[in-house]
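A.B. asks: Here it is, the structure, as structure tokens.
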Amino acid sequence: MAINVLAIHRDTVGKEQAAGNSLATAYSVAVLCWLLSAGVYIAAKWVSTEMPPWALCFWRVLIAWAILLPVVRRHFGDMVALVRARGLELLAIGGMGLAICQGLIFVGLEHADATTAGIIIALIPIITMILARFILAEPMGRWQVIGSILAFLGIVVIIVKGSPAALVNLDLNAGELWIVAGAFCFSLYTVLLRRANFEVDRLSLLVLLLGAAVLTALPFYLFELASDERSTLNASGLFALAYVAIPGGALMYYLFNRSIEALGAARAGVFLYIQTIFIAVLAYLILGEQLQTYHLEGAALIIAGLLLIILLKPKTTPEAAKV
3 MAINVLAIHR
13 DTVGKEQAAG
23 NSLATAYSVA
33 VLCWLLSAGV
43 YIAAKWVSTE
53 MPPWALCFWR
63 VLIAWAILLP
73 VVRRHFGDMV
83 ALVRARGLEL
93 LAIGGMGLAI
103 CQGLIFVGLE
113 HADATTAGII
123 IALIPIITMI
133 LARFILAEPM
143 GRWQVIGSIL
153 AFLGIVVIIV
163 KGSPAALVNL
173 DLNAGELWIV
183 AGAFCFSLYT
193 VLLRRANFEV
203 DRLSLLVLLL
213 GAAVLTALPF
223 YLFELASDER
233 STLNASGLFA
243 LAYVAIPGGA
253 LMYYLFNRSI
263 EALGAARAGV
273 FLYIQTIFIA
283 VLAYLILGEQ
293 LQTYHLEGAA
303 LIIAGLLLII
313 LLKPKTTPEA
323 AKV
């Protein structure tokens, strides 16, 4: 009997250790994913004088798509069936989230610093929550409204650089407005993707959405070429392009997919906030950017808004829970 008890105890301890190791691995994957993603902003800012934004967007999604395509070859049948049934929907959603969003952010980085971009991107969960309220009828309580207003004020502080006179005189940085537009597009993409509920393997869906992004980014890229906005890449520019396409593209997308499978969408999405810290640190170390007072003031308002939204969630009625 004692032997059986000891055996059961050892088995239980072994399972707990395995679960702990698995969870630790999942968290490590999520952290690495957002570290690689943060590097994209640094690389895009670094190469902004050498490579037009839509060229960078097009080549990033094209190379990432080409790398991941063979990985999902077992699901080609399901993917082809989905394209035939809902091809335009895939094109619209993938183009919005993985092409238009990125292109707008890369345009913004031509005129704004990477640190500011990283703080603005932290708005995505808040914008997503607001859009989900109107598009998906998801609940949004009083504290969520207050938190959203605080976060919005934080972005205003950053855009006007702490000077109300800049808002009165409309002396705004267009680059930061482009980045806000990019954050809005990604939030809309998230909500539309949730509503679409495509029934296909998650990584296969990502490959299809990347393919849609390639098709969407192509006309913008061709327009740049027609406007004689051509890349003048040197060795550092080629390195930046390789980074955003491979470690910051295909590998980052793959790791994000793995983190969602291991942690669930909600817990994996929380790690987005770590990206803001990574961007600020990397921008300081690589680009020499400095945190300004208005960055800290704006970030404090955004964090306060996020805490209200996350910690004081609206209560769901039994009827709503059934929907």
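Residue numbering for the sequence shown follows the working numbering, starting at 3 and increasing by one per position. From the three backbone atoms N, C-alpha and C, an ideal C-beta is built for every residue, glycine too.
1. Within a Cβ cutoff of 8 Å, which residues of the same chain sit near P249, ignoring the five residues on either side of it in sequence?
2. Do we get a CB-CB distance below 7 Å when we pair F60 with the residues of chain B?
3. Do you know how far the Cα of G89 is from the Cα of P221?
4. Using the C-alpha atoms, what's the distance from E52 back to G239?
5. Fully enclosed by the segment 149–222, which alpha helix (DSSP H) runs are 4 residues long or longer?
6. With DSSP run on the structure shown, which of helix, strand or coil describes E18?
7. Looking at the secondary structure, which residues open and close the alpha helix (DSSP H) in which N236 lies?
8. Can you tell me where the alpha helix (DSSP H) holding G89 begins and where it ends?
9. Considering E263, what are the terminal residues of the alpha helix (DSSP H) in which it resides?
10. Measuring alpha carbon to alpha carbon, tell me which residue in I123, W145, L257 and A114 is nearest Y275.
11. Given this structure, state the Cα-to-Cα distance separating Y296 from L257, to the nearest angstrom.
12. How big is the Cα-Cα spacing for I60 and G97?
13. Checking 7 Å against the spacing of the C-beta atoms, do H77 and S189 come in under that value?
14. Which of the three DSSP states, helix, strand or coil, is assigned to H297?
15. Assuming contact is defined by CB atoms lying nearer than 7 Å, are L106 and G156 in contact in what I supplied?
16. Please list, in chain order, all residues of the same chain as Y29 whose beta carbon is under 7 Å from its beta carbon, the five residues on each side excluded.
17. Assuming contact is defined by CB atoms lying nearer than 7 Å, are R62 and V246 in contact in what I supplied?
18. Please classify V15 as buried or exposed, where buried requires at least 16 neighbouring CB atoms within 10 angstroms.
19. Quick check on the burial criterion: 16 or more other C-beta atoms within 10 angstroms. Buried or exposed for L310?
20. Just the Cα atoms here: how many angstroms apart are T27 and D203?
21. Straight-line CA distance for F225 to I148?
22. Throw me the rounded Cβ distance for the N175 and A114 pair, which I believe falls under 8 Å.
23. With distances taken Cα to Cα, identify the nearest neighbour of F154 among A301, G110 and L287.
24. What does the alpha-carbon distance come out to for the pair S150 and I281?
25. Whole angstroms is fine: what's the gap from T218's alpha carbon to W67's?
26. Just mark F108 as buried or exposed, buried being the case when its beta carbon has 16 or more other beta carbons within 10 Å.
27. By the DSSP assignment, the alpha helix (DSSP H) with V63 in it spans what residues?
28. Which residue's Cα is closest to the Cα of R196: I279, I65 and T130?
29. If distances are taken between C-alpha atoms only, which option among M81, I121 and P166 comes closest to V345?
C.D. replies: If we stick to the structure as given:
1. Position 247 of the sequence shown, counted from the start, is the residue given in the question as residue 249. Only L38 and G41 meet the Cβ criterion.
2. As a matter of chain content, chain B is missing from the structure shown, which is built from one protein chain.
3. Along the sequence shown, read from residue 1 onward, the residue named residue 221 stands at position 219. Along the sequence shown, read from residue 1 onward, the residue named residue 89 stands at position 87. P221 and G89: Cα-Cα distance of roughly 18 Å.
4. Against the sequence shown, residue 239 aligns to sequence position 237. Against the sequence shown, residue 52 aligns to sequence position 50. One C-alpha to the other measures close to 7 Å.
5. 166–170 and 176–198
6. Translated into positions along the sequence shown, residue 18 becomes position 16. Because the pLDDT at E18 is just 48, under 50, the model does not fix this residue reliably, and the value given afterwards should be weighed accordingly. Correct three-state label for E18: helix.
7. Residue 236 sits at position 234 when you count from the first residue of the sequence shown. Looking at the DSSP string, N236 is not in any alpha helix (DSSP H), and its letter there is neither H nor E.
8. Translated into positions along the sequence shown, residue 89 becomes position 87. Note, G89: alpha helix (DSSP H), F78 to G97.
9. Within the sequence shown, the letter at position 261 stands for residue 263. Here the alpha helix (DSSP H) through E263 covers M254 to L265.
10. Here residue 275 refers to the residue found at position 273 when the sequence shown is read from its first residue. The option with the nearest alpha carbon to Y275 is I123.
11. Position 294 of the sequence shown holds residue 296. Position 255 of the sequence shown holds residue 257. Each residue's Cα considered, the two are about 33 Å apart.
12. Along the sequence shown, one-based indexing puts residue 60 at 58. Along the sequence shown, one-based indexing puts residue 97 at 95. Residue 60 is actually Phe in this sequence, not Ile. Going by the C-alpha atoms only, they are around 11 Å apart.
13. The residue labelled residue 77 in the question sits at position 75 within the sequence shown. The residue labelled residue 189 in the question sits at position 187 within the sequence shown. Contact check for H77 against S189 fails: the beta carbons are separated by 7 Å or more.
14. Taking the sequence shown and counting its residues from 1, the one referred to as residue 297 is at position 295. Correct three-state label for H297: helix.
15. Walking along the sequence shown from the start, residue 106 turns up at place 104. Walking along the sequence shown from the start, residue 156 turns up at place 154. No, these two residues do not count as a Cβ contact at 7 Å.
16. Here residue 29 is taken as the residue at index 27 of the sequence shown, counted from 1. Cβ within range, chain order: n/a, list empty.
17. As a first step, residue 62 must be located in the sequence shown, where it is residue number 60. As a first step, residue 246 must be located in the sequence shown, where it is residue number 244. The answer is yes: Cβ separation under 7 Å.
18. Position 13 of the sequence shown, counted from the start, is the residue given in the question as residue 15. With a pLDDT of only 46 at V15, under 50, the local geometry of the prediction cannot be trusted, and the value read off the model is given with reservation. V15 comes out exposed.
19. Here residue 310 is taken as the residue at index 308 of the sequence shown, counted from 1. Buried.
20. Reading the sequence shown from its first residue, position 25 is the one you call residue 27. Reading the sequence shown from its first residue, position 201 is the one you call residue 203. Using only the alpha carbons, I get a separation of about 22 Å.
21. Along the sequence shown, one-based indexing puts residue 225 at 223. Along the sequence shown, one-based indexing puts residue 148 at 146. For the pair F225 and I148, the Cα-to-Cα distance works out to about 42 Å.
22. For the purposes of this step, residue 175 is identified with residue 173 of the sequence shown, where counting begins at 1. For the purposes of this step, residue 114 is identified with residue 112 of the sequence shown, where counting begins at 1. That pair is a contact at about 6 Å.
23. For the purposes of this step, residue 154 is taken as the residue at position 152 of the sequence shown. Distance check between F154 and each of A301, G110 and L287 places A301 closest, using alpha-carbon atoms only.
24. Within the sequence shown, the letter at position 148 stands for residue 150. Within the sequence shown, the letter at position 279 stands for residue 281. Rounded to the nearest angstrom, the two C-alpha atoms are 23 Å apart.
25. On the sequence shown, residue 218 is found 216 positions in, with the first residue counted as 1. On the sequence shown, residue 67 is found 65 positions in, with the first residue counted as 1. Cα-Cα distance, rounded: 13 Å.
26. Along the sequence shown, read from residue 1 onward, the residue named residue 108 stands at position 106. Its Cβ being crowded by 16 or more others within 10 Å, F108 is buried.
27. Residue numbering aside, residue 63 sits at position 61 when the sequence shown is read from its first letter. Residues P55 to L70.
28. For this step, residue 196 is matched to residue 194 along the sequence shown. It is T130.
29. Outside the displayed span of the chain (3 to 325) sits residue 345, for which this structure offers no information.
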